[in-house]
Each structure stands twice: as C-alpha cells, then as structure tokens.
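Numbering follows UniProt numbering, with no gaps: position 59 of the sequence shown is 59. The beta carbon of each residue, even a glycine, is placed where N, CA and C say it ideally should be.
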Amino acid sequence: MAALAVDAEALGAAHWEAAKGGNTAEARSLLDAGAPVDWRNFKQGGSTALLAAAERGHTDTVELLLDRGADLEAKGRYGDTALVAAARRGHKETVELLVHCGADVQAKGRDGATALLMMTARGRKDTVELLLDRGADLEAKGRYGATALFSAAERGDKETVELLLDHGADLEAKSPVPLPVRPDFGATGYGPTGREVDWGGKFQLGRA
1 MAALAVDAEA LGAAHWEAAK GGNTAEARSL LDAGAPVDWR NFKQGGSTAL
51 LAAAERGHTD TVELLLDRGA DLEAKGRYGD TALVAAARRG HKETVELLVH
101 CGADVQAKGR DGATALLMMT ARGRKDTVEL LLDRGADLEA KGRYGATALF
151 SAAERGDKET VELLLDHGAD LEAKSPVPLP VRPDFGATGY GPTGREVDWG
201 GKFQLGRA
C-alpha cells in the first residue's frame, strides 16, 4: 500500500509539472498511467494541475484536464479558481474555454476581483461580453471598491464602457478611489450622449 501511495505521489508531481509547462502529451500519458488529475502541490500553495496550466495560459492542457474530470472550481492557497487565475494574467482563450465549460463567473480571487473585473482591466472586450452573457455581476467590486465600469473608464476604453452601460452598469455608483480625468473622453461639458458621471470629479462618457 505504501508503495502505491508513493507511486501516486510521484505520478501526481510529474503530472503537475507537465501541466505547468503546457506539455499536454506528457500530461495525457501520466494520466493514462494513473496520475491523480487533482493532485495538489503543497509546495506551490496547494495548486492543482488545472490551476497551474490555467494561470499560464496553456489552453490545450486545460482542455485535456477538464476532459479527464479535473475539478473546475478547485482553489489554491489564496483562493483563486482556474478561471480567476487565467483572468488575472489576461489569458483570453483559456478564460473563454473555462467559461464555456461552466466555470463559476462569480468566483473571486484573493483580492476580491472577479474574472470580469480582471478582463475589463486588460481591455478584453470580447471576453467581457462573454462573461456578461454568462451572468457575471456587473457591480462586483475589487479590493479598492471599483467596478468594471470604473476600470474601463480609467483605461479610456470607450467600447467596453459602452458595452457595460448597454448591459446596465450603474452610472450612479461611487468609487472610493478618485479616477483621473481622461481628455479623450471629454474632460469638460457633455459629449454626444449627454451622459456624465460624477466620480469625485467630472468624467464624461461619450460614444465614439
């Protein structure tokens, strides 16, 4: 029995390293040999192979692991799920695969941020739209209390701002952190939409 436990541990460790490196063929071979798909590397915060692959954007490996029954909502030491880990690093294709496979779009990371907040901050409009279509919370707030709308506005990302507004983002929400005025959004007066948001200062949101 002890030998079997050692073998499973060794296979699990090798499998985790293969997933981390995006070596899908090796990961498949190790799974076929009996490696536990959800083995946890406690030297790396209890990370599973899925978490290791997702946070590095190894989409093919993530797909393999999901096909083999990996726990989609497993969390590492700091509470990130695979979706949150991939979104934190802006891995668009990996995020979209995880969402299509049913990942919880409301999951929050160690800083309270959701995948929607993270992908908005990275300007991934198509992925933001997918997350919204899957029911992501428009008004979720990160560590400093900013919503996705604030994040997009701060970046000067007009298309994502308009997408969020079209989905019902709250124009009346207040951010505890003042955002800079972006001249390209119209620092004074009203733009084409006539919509203005007071976020500790005037910040005009206008359609292109």
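Taking the continuous alpha helix (DSSP H) assigned at residue i, which residues delimit it?
{"i": "residue 100", "result": "92 to 100"}
Helix or strand or just coil, what does DSSP make of residue i?
{"i": "residue 48", "result": "coil"}
{"i": "residue 20", "result": "helix"}
{"i": "residue 114", "result": "strand"}
{"i": "residue 75", "result": "coil"}
{"i": "residue 141", "result": "coil"}
How long is the line joining the alpha carbons of residue i and residue j, rounded to whole angstroms?
{"i": "residue 94", "j": "residue 156", "result": "25 Å"}
{"i": "residue 182", "j": "residue 67", "result": "In this prediction, residue 182 has a pLDDT of 40, which is less than 50 and means its spatial position is unreliable; what the coordinates show is noted afterwards. If I take the Cα positions, the gap works out to 45 Å."}
{"i": "residue 46", "j": "residue 105", "result": "22 Å"}
{"i": "residue 124", "j": "residue 158", "result": "12 Å"}
Between residue i and the rest of its own chain, which residues show a CB-CB distance below 6 Å, the 5 nearest in sequence each way excluded?
{"i": "residue 54", "result": "62, 82, 85, 86 and 94"}
{"i": "residue 76", "result": "45, 46, 47 and 51"}
{"i": "residue 72", "result": "103"}
{"i": "residue 121", "result": "151"}
Determine the burial state of residue i: buried for a count of at least 16 other Cβ atoms within 10 Å of its Cβ, exposed for fewer.
{"i": "residue 100", "result": "exposed"}
{"i": "residue 80", "result": "buried"}
{"i": "residue 88", "result": "buried"}
{"i": "residue 9", "result": "exposed"}
{"i": "residue 211", "result": "Here the chain covers residues 1 to 208 and nothing more, so residue 211 does not appear."}
Residue i: beta carbon under 6 Å from a heavy atom of the ligand ATP?
{"i": "residue 86", "result": "Among the ligands in the structure shown, none appear at all, so the ligand ATP cannot be discussed."}
Can you give me the Cβ contacts of residue i inside the same chain, cut-off strictly under 7 Å, excluding the 5 residues immediately before and after it?
{"i": "residue 164", "result": "138, 148, 149 and 152"}
{"i": "residue 11", "result": "30, 33, 34 and 35"}
{"i": "residue 59", "result": "93, 94 and 97"}
{"i": "residue 134", "result": "99 and 105"}
{"i": "residue 110", "result": "78, 79 and 80"}
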